[in-house]
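Let me begin by presenting the structure, written as structure tokens, before commenting on it.
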């Protein structure tokens, strides 16, 4: 791979071993390709309604020599797509053998912590490579309940984050996800079913159905990831540990009447 760290080495740095962590082959990326993917991530964070055609023209306007097909492949590998429904292939792919649950949050008044949790996965650019982050957020308090890093889009790091959140914070009434294969997998769904949690899924291509976690990604990237420009998995893990504490316990939210997520989560009536 073009980056300085092998998959095995990166797994060790984030606390995984080859015997316990399932991963698939990761395509080679040269430094210039990683730079393009970082630019795609920045553009998408600002304009999540961009599909690969508009992304291609945006990159071309910025001086990048990349074709439309290559732009699409980068976006697919990053696991991103435009937020509106469209006819072309979706990068958020669900297993057709699994059930898709209805979206339960439309018109719902969310008034307490642990009423609704939400989750999503985002791509994190690194100087020497990239990784993926899954986080679970409380819809009402905006508190990040758990998070995990992974080198691939395998479902297991999502399941680990879910189990950790339940162990630390109890159970929500409703758990909302998109229709990605990680969240429609039998193993992930079974954890929710075993805990008696109602399952809600976004409409296909509608990231705005999960707006709370989408806003958190934007906040995280502009306040930390794009500023710090982490070089390695080890660095981003340490940086995220510090940022999550800051976000939960120090950062005041206008929508929370300038209280912190942790305060609202602990003191809500």
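Residue numbers (our numbering): 3 to 271.
Note that beta-carbon positions come from the ideal geometry of N, C-alpha and C, so glycine has one too.
Just measuring C-alpha positions, the residue of 118, 137, 260 sitting nearest residue 106 is 118. Inclusion of residue 83 and residue 53 in the CB contact set at 8 Å is warranted, their separation being smaller than that value. The C-beta distance from residue 186 to residue 102 rounds to 7 Å, short enough to fall under 8 Å. For residue 121, the three-state secondary structure derived from DSSP is strand.
If the five residues before and after residue 172 are omitted, its C-beta is found closer than 8 Å to the C-beta atoms of 116, all from its own chain and listed in chain order.
As DSSP reads the structure, residue 126 sits in a beta bridge with 133. Contact between the stretch 135 to 147 and the stretch 241 to 261 is established, with three or more Cβ pairs separated by less than 8 Å. Looking at 138, 70, 259, the one whose alpha-carbon comes closest to that of residue 166 is 138. Pairing residue 178 with residue 130 gives a Cβ-Cβ distance that is not under 8 Å.
Contact between the stretch 74 to 81 and the stretch 28 to 41 is present: three or more C-beta pairs spanning the two stretches fall below 8 Å.
Nearest neighbour of residue 41 by Cα position, chosen from 81, 258, 127, turns out to be 127.
Taking the CA atoms as reference points, residue 120 sits about 21 Å from residue 154. Rounded to the nearest angstrom, the Cβ distance from residue 201 to residue 191 is 7 Å, consistent with a contact under 8 Å.
Shown here, residue 203 sits in a strand according to DSSP, grouped into three states. The beta-carbon separation of residue 140 and residue 267, rounded to 6 Å, stays under the 8 Å limit for a contact. In the displayed model, residue 230 falls within a helix according to three-state DSSP.
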